[in-house]
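Asks: Quick one: this structure, given as structure tokens, is what I'll be asking you about.
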Ligand SMILES: [Zn+2]
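Chains as they are written, first to last, in the numbering used here: chain A, 846 to 1049; chain B, 112 to 405.
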């Protein structure tokens, strides 16, 4: 009972309330896309392209496929822009379209999760001499993320990089809030298992 | 312990920097007394750091919005198929022998005049298939087509070219015959309109298809000769020519033959078969070779 009360109190103080209105210029941008203005789609891409591509790449681990997905998502945005009325954050709305497009594309190609896919990620930027313990830990985290399913990676990316609330994450993934929470919990246990195993091997 | 579960759930948001001051303070108080949550926080911080590190060098791929717009503005498959077909029909209509258009129209017009003057509606039934057959016999083949080399050099296959011309010229022939029939309403009761049209439609289609096929196989002149001969055969009054031709066997054979030309369904079905055969033949190099002028 206590936790329920606290939870309510915190939900009310959330920095991005679920029904927060989007800045007028974003609503206007979508209105211009709905009015078939080419330039508006380019502006939207300039503002959100990096985030959308990062999300598609996180889901697929394949740069070429991620590009196709973002392009297809832009076509869908063009066709459905009229349905966006500023009732939620534009980023979440756009990410939802990318998510839907990516899931469809991956189901179509039935991509297996394999080790080769790690090569699709950017190489570590550090030079060899700065390979420290911290870098090695980062490598384990990277491998740990790779070994998660796209659905679990999606939740982590949305919460940690895209800055979405759990409710927004649930909307983007088109699943109940409880599923988002259980995916976070599963990811935590999975990664903790890998890290503790690695720590035992390295330091004991 | 329920409180711990609650904080466990909110630690990712804390690590992601999504909580406000009061929420952060609550969690920090719990963290001070809970080593398990401290370990979790370390894990989430590592995950967050790794995701940011991986995404930092990423840039939006160039020109994706432009590609999307190209995709958006490209005509869809149905529209482009329709445009291609229209283009083919237009080009092939221009390549058909030019004198065919006015010649056919003129012959039909003269036929209408004769029919009106002589008060003979049947004259259109007699004339329409002949006009259509001769125009279709001139549809294809080197002796009819100065631009044939050009047509065959294009990636469009011969049967498509033939089908395009067939459609254009047949449509023209049908319009001519319909127009002629409407003019006949000056002397015929309007109630007969359907009967008149049904009367010439079957023979016109069959004779056209036959002429087309024979023109591909034998050449234009032979095709016209055979088609005309077959059509005129039914009008020859054998009994009047001489007593030696006045036999019951021949008379009944001629009755069956005339009946054949008055069976629209049979004629239309046979036409479909002949047109299919003509389209197939147009693609055989051997038939294109034999249709050179002799
Ligand atoms: Zn705790």
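We treat Cβ as the ideally placed atom computed from N, Cα and C, and that holds for glycine. None of these values were measured; they are calculated from a predicted model.
Counting C-beta neighbours from all protein chains within 10 Å, is the total for residue 134/B 16 or more, i.e. buried, or is it exposed?
Replies: buried
Asks: Which chain B residues are close to residue 983/A, counting only those with a beta carbon under 9 Å from its beta carbon?
Replies: Simply 157, 160, 161, 164.
Asks: How is residue 933/A classed by DSSP in three states: helix, strand or coil?
Replies: coil
Asks: Hey, how far is the Cα of residue 321/B from the Cα of residue 382/B?
Replies: 7 Å
Asks: To the nearest angstrom, report how far apart residue 187/B and residue 181/B are at their CA atoms.
Replies: 11 Å
Asks: Are three or more beta carbon pairs between the stretch 162–177 of chain B and the stretch 884–895 of chain A nearer than 8 Å?
Replies: Segments in contact, yes.
Asks: Near residue 1031/A, what residues of its chain come up, given a Cβ to Cβ distance below 7 Å and the 5 sequence neighbours on each side ignored?
Replies: 997
Asks: Under three-state DSSP, which class holds residue 123/B?
Replies: helix
Asks: What residues come near ligand 1, if near means a beta carbon less than 7 Å from any of its heavy atoms?
Replies: 115/B, 118/B, 119/B, 141/B, 145/B, 147/B, 148/B
Asks: Can you tell me where the alpha helix (DSSP H) with residue 207/B in it begins and where it stops?
Replies: From DSSP, residue 207/B is part of no alpha helix (DSSP H); its letter is neither H nor E.
Asks: For residue 373/B, decide whether its Cβ has a neighbour in chain A, counting only Cβ atoms nearer than 8 Å.
Replies: no
Asks: In the structure shown, what three-state DSSP assignment does residue 87/B receive?
Replies: Here chain B comprises residues numbered 112 to 405, so residue 87/B is not present and cannot be evaluated.
Asks: Apart from the five residues on each side of it in sequence, which residues of its chain come closer than 8 Å, Cβ to Cβ, to residue 356/B?
Replies: Apart from sequence neighbours up to five positions away, the residues of its chain that approach residue 356/B with a beta-carbon distance below 8 Å are 349, 350, ordered along the chain.
Asks: For residue 987/A, return the contacting residues in chain B, with the cut-off set at a CB-CB distance below 9 Å.
Replies: 161, 164, 165
Asks: Shortest alpha-carbon distance to residue 128/B belongs to which of 980/A, 899/A, 1003/A, 935/A?
Replies: 1003/A
Asks: For residue 178/B versus residue 916/A, is the C-beta spacing smaller than 8 Å?
Replies: Yes; because the gap between Cβ atoms is below 8 Å, this pair is in contact.
Asks: Over the uninterrupted alpha helix (DSSP H) stretch that includes residue 249/B, give me the two end residues.
Replies: No alpha helix (DSSP H) contains residue 249/B, which DSSP labels as neither H nor E.
Asks: Are the C-beta of residue 950/A and some C-beta of chain B separated by less than 8 Å?
Replies: no
Asks: Assuming residue 161/B and residue 983/A make a contact with CB atoms under 8 Å, what is their CB distance in whole Å?
Replies: 6 Å
Asks: Any Cβ of chain B within less than 8 Å of the Cβ of residue 939/A?
Replies: no
Asks: Please return the same chain residues whose Cβ sits closer than 7 Å to the Cβ of residue 155/B, not counting the five positions on each side in sequence.
Replies: 122, 123, 126
Asks: Does the beta-carbon of residue 867/A have 16 or more other beta-carbons within 10 angstroms, so that it is buried, or is it exposed?
Replies: buried
Asks: Can you pull the chain B neighbours of residue 920/A, defined as C-beta to C-beta under 8 Å?
Replies: 179, 182, 183
Asks: Can you list, in chain order, the residues of the stretch 902–931 of chain A whose Cβ is nearer than 9 Å to any Cβ on chain B?
Replies: 902, 903, 908, 911, 912, 915, 916, 917, 918, 919, 920, 922, 923, 924
Asks: Can you tell me the Cα-Cα spacing of residue 1017/A and residue 951/A, whole angstroms?
Replies: 16 Å
Asks: Nearest to residue 363/B by alpha carbon, out of 377/B, 374/B, 345/B, 352/B?
Replies: 345/B
Asks: Grab me the residues of residue 378/B's own chain with a C-beta within less than 7 Å of its C-beta, minus the 5 sequence neighbours each way, in chain order.
Replies: 313, 314, 316, 317
Asks: Taking the alpha-carbon positions, what's the residue 337/B to residue 237/B distance?
Replies: 16 Å
Asks: Around the Cβ of residue 296/B, are there at least 16 other Cβ atoms within 10 angstroms (buried) or fewer (exposed)?
Replies: exposed
Asks: In three-state terms, what does DSSP make of residue 962/A?
Replies: Residue placement at residue 962/A cannot be trusted, given a pLDDT of 42 that sits under 50; what the coordinates show is reported in the next sentence. DSSP places residue 962/A in helix when its eight states are reduced to three.
Asks: Return yes when the Cβ of residue 327/B is within less than 8 Å of the Cβ of residue 275/B, no when it is not.
Replies: Result no, Cβ atoms of residue 275/B and residue 327/B do not sit closer than 8 Å.
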